[in-house]
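Taking my numbering, the leading residue of the sequence shown gets 334, the next gets one more, and so forth. In this text, a Cβ means the ideal position worked out from N, Cα and C, and glycines have one as well. For clarity, every value in this text was computed on a predicted model and none was experimentally measured. Okay, so here's the structure we're looking at.
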Amino acid sequence: MSFYTTYIKKSIQTIRFLISIRKPKELLFRLLELIVGYPLYVLSYCVIRNPKKWVFGTNVGFVDNAKYLFIDVCERNEIKAYWIAPDRKTVKFIKQKGLSACYKYSVCGLYHCLTAYVYVFTYHSKDINFWTSARAKKVNLWHGVGIKSGDGGKNNKGIKANANFVTCFLMPHLFEKNDIFLSTSPLMNAHFQHMFSLNTDAIFETMYPRCVFLQKEEHKIDAFIQKYESNDINAVVQKMKQFSRVFLYMPTWRGNFNDDFITEAGFDFKRLNQILKEKNQLFILKLHPAVKYCKEAYQDLDAVMFLDKHIDIYPLLPFTHVLITDYSSIYYDFLLLKNKEFILYPFDYETYIVNSNRLAFDYNTYTPGVKVYNFDELIQCIQNESIDLSIENKPWIRNQFWGHHAATTNDALYQKIKTL
334 MSFYTTYIKK SIQTIRFLIS IRKPKELLFR LLELIVGYPL YVLSYCVIRN PKKWVFGTNV
394 GFVDNAKYLF IDVCERNEIK AYWIAPDRKT VKFIKQKGLS ACYKYSVCGL YHCLTAYVYV
454 FTYHSKDINF WTSARAKKVN LWHGVGIKSG DGGKNNKGIK ANANFVTCFL MPHLFEKNDI
514 FLSTSPLMNA HFQHMFSLNT DAIFETMYPR CVFLQKEEHK IDAFIQKYES NDINAVVQKM
574 KQFSRVFLYM PTWRGNFNDD FITEAGFDFK RLNQILKEKN QLFILKLHPA VKYCKEAYQD
634 LDAVMFLDKH IDIYPLLPFT HVLITDYSSI YYDFLLLKNK EFILYPFDYE TYIVNSNRLA
694 FDYNTYTPGV KVYNFDELIQ CIQNESIDLS IENKPWIRNQ FWGHHAATTN DALYQKIKTL
């Protein structure tokens, strides 16, 4: 098969894949975005940018590293910082907190995106607006350290070897150059460099902004929650404080059975609820936003709480006693907190690494802790408080993913961005 035949075949496969995962209305919107976007991108080359103006954003709400650095920068009062949101509800919420925000497609949003010197985001500049980003300095904070490979091989469109005309034309944000890519340790430097074909000089090591927040003193965390979080978050925190022990279950996203995850994981919530209720304990479940479930099927559970899938989990972590997870990066963030415990529930390990995501590192070595493989074992761990759920080699594993950057401020990152 010739090079050109292979190239055309890959392009057709890409188009078919994109059509298969989009609804007709969304496909029409994407087409209009391309028609308007490319002329706007050319225009953005000609606009003078203000070095004292930074725009922030993420495509999943007011959450993650971009949120915590944005608030930090606003409190410093040196830089004009604006949050660019894809919906007006988020804009309204942020403004109510005394911060500056604009709707992405408003005149205000376009103006600030075109004139901002720095773009700070969690995934790609598309989190803000790729089409207005020409000549802007781009700071990618990313959304997690960990052991997942991110399909750095054949399925990663961000790898230049897998690029074709269609992916470059339809998804140009996947191939943009980051001026800063935030990493946290030598191990993660190499990992991210492989995943995203990064230039070494773009990688900057320090602590994630959301983890700087996690390591603050409890009274400062309480004050932050009171000032910047929603009434719903405040209510959940107050409820958590009423229980003697709080378990938080955060499974990572699966690519093969998102429509029936709870059944696949073997949960019997009525049984679990009864056990926890007797001990004045709480079980919180926070599913990945892509996972579907019928919330109405799990009503009337006093000791089991289902969180909104889009909620920011970080204000809740300091008040959690035991984290239950599998392959998620939340495991490594939770390691930074003191006197916390872990249960690992990789019930589908064999199918996960085949159907969802390869692992870049050995699971047992780089995710130490008590592991259970079915719901009965999980119940036993929860019920038997004599089981040691701590991690013996916590300092070693923490150093692998966080290096020596146990920073409690964003000063290093802030000063680095100012040098751009």
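Does the beta-carbon of CYS501 have 16 or more other beta-carbons within 10 angstroms, so that it is buried, or is it exposed? Answer is exposed; the Cβ neighbour count stays below 16.
Quick one, are the C-beta atoms of LEU618 and TYR582 less than 8 Å apart? A Cβ-Cβ contact shorter than 8 Å links LEU618 with TYR582.
In or out: GLY486 buried (at least 16 other Cβ within 10 Å) or exposed? The pLDDT assigned to GLY486 is 39, lower than 50, so where the model puts this residue is not dependable; a value taken from the coordinates is nonetheless given after this. Counting Cβ neighbours within 10 Å, GLY486 comes out exposed, since fewer than 16 surround it.
Which partner residues does GLN674 have in the DSSP bridge list? Here residue 674 is Glu; the residue named in the question, Gln, does not match the sequence. For GLU674, the beta-bridge partners assigned by DSSP are VAL655.
Own chain residues within Cβ distance below 6 Å of ILE480, not counting five before or after: Excluding five sequence positions before and after ILE480, the CB atoms of its chain that fall closer than 6 Å to its own CB belong to LEU692, ALA693, PHE694, TYR699, given in chain order.
Using C-beta distances below 7 Å, list every residue in its chain close to SER755, excluding the 5 sequence neighbours before and after it, in chain order. For residue 755 there is no data in the structure shown, the boundaries of the chain being 334 and 753.
The beta strand (DSSP E) enclosing TRP729, as first and last residue numbers: For TRP729, there is no enclosing beta strand (DSSP E); the enclosing alpha helix (DSSP H) covers residues 727-735.
Could you tell me the boundaries of the beta strand (DSSP E) in which GLU538 lies? Run containing GLU538: 536-538, per the beta strand (DSSP E) assignment.
Exposed or buried, which one is HIS524 when buried takes at least 16 other CB atoms within 10 Å? The Cβ neighbour count for HIS524, taken over all protein chains shown within 10 Å, is at least 16; the residue is labelled buried.
Flag this pair as yes or no: are the beta carbons of PRO651 and LEU670 separated by less than 8 Å? For the pair PRO651 and LEU670, the CB atoms are nearer than the 8 Å cut-off.
With a threshold of 6 Å on Cβ separation, who are the neighbours of GLY702 within its own chain once the five nearest residues in sequence on each side are excluded? Hits under 6 Å: PHE675, LEU677, ILE724.
Span of the alpha helix (DSSP H) around GLY431: Taken as a continuous stretch (DSSP letters only), GLY431 belongs to no alpha helix (DSSP H), as it is neither H nor E.
Go through the region 368-454 residue by residue and report every complete run of the beta strand (DSSP E) that reaches 3 residues or more, in order. Correct list: 383-390, 413-418, 434-436, 449-454.
Looking at PRO584: is its Cβ nearer than 8 Å to the Cβ of THR658? Yes, the Cβ-Cβ distance between PRO584 and THR658 is below 8 Å.
Spatial neighbours of THR742 within its chain, please: C-beta separation below 6 Å, excluding the five flanking residues on both sides. For THR742, where only same-chain residues beyond five positions count, there are no Cβ hits under 6 Å.
May I have the straight-line CA-CA distance separating ASN488 from THR752, to the nearest angstrom? Only weak support is given to the placement of ASN488: the predicted model assigns it a pLDDT of 40, under 50, and the question is left unresolved by the model.
Residues in its own chain within less than 6 Å of ARG578 by CB, not counting five upstream and five downstream? If we look at ARG578 and ignore the five residues flanking it on each side, its Cβ neighbours are GLN614, HIS654.
How long is the line joining the alpha carbons of PRO648 and LYS612, rounded to whole angstroms? If you take the alpha carbons of PRO648 and LYS612, they lie about 24 Å apart.
Between which two residues does the alpha helix (DSSP H) carrying MET521 extend? For MET521, the uninterrupted alpha helix (DSSP H) run begins and ends at 519-529, by DSSP.
Contacting residues, own chain, Cβ-Cβ under 7 Å from GLN632 (five flanking each side not counted): Excluding its 5 nearest sequence neighbours in each direction, GLN632 has no C-beta neighbour in its own chain below 7 Å.
With respect to the alpha helix (DSSP H) encompassing ASN567, which residues constitute its N-terminal and C-terminal limits? Looking at the DSSP string, the run of the alpha helix (DSSP H) that includes ASN567 is 564-573.
First through last residue of the beta strand (DSSP E) which encompasses LEU515: Taken as a continuous stretch (DSSP letters only), the beta strand (DSSP E) holding LEU515 covers 513-516.
Is the CB-CB distance between THR455 and TRP475 below 8 Å? Their beta carbons are under 8 Å apart, which means THR455 touches TRP475 by this criterion.
Counting only the same chain and skipping the five closest in sequence on each side, list residues whose C-beta sits under 8 Å from that of ILE558. Correct list, in chain order: ILE566, ASN567, VAL570, PRO648.
Could you tell me the distance, in whole angstroms, from the CA atom of LYS428 to the CA atom of ALA740? Straight-line Cα distance between these residues: approximately 29 Å.
Buried versus exposed call for ARG409 [16 or more other C-beta atoms within 10 Å across all chains shown]: When all chains shown are included, ARG409 counts as exposed.
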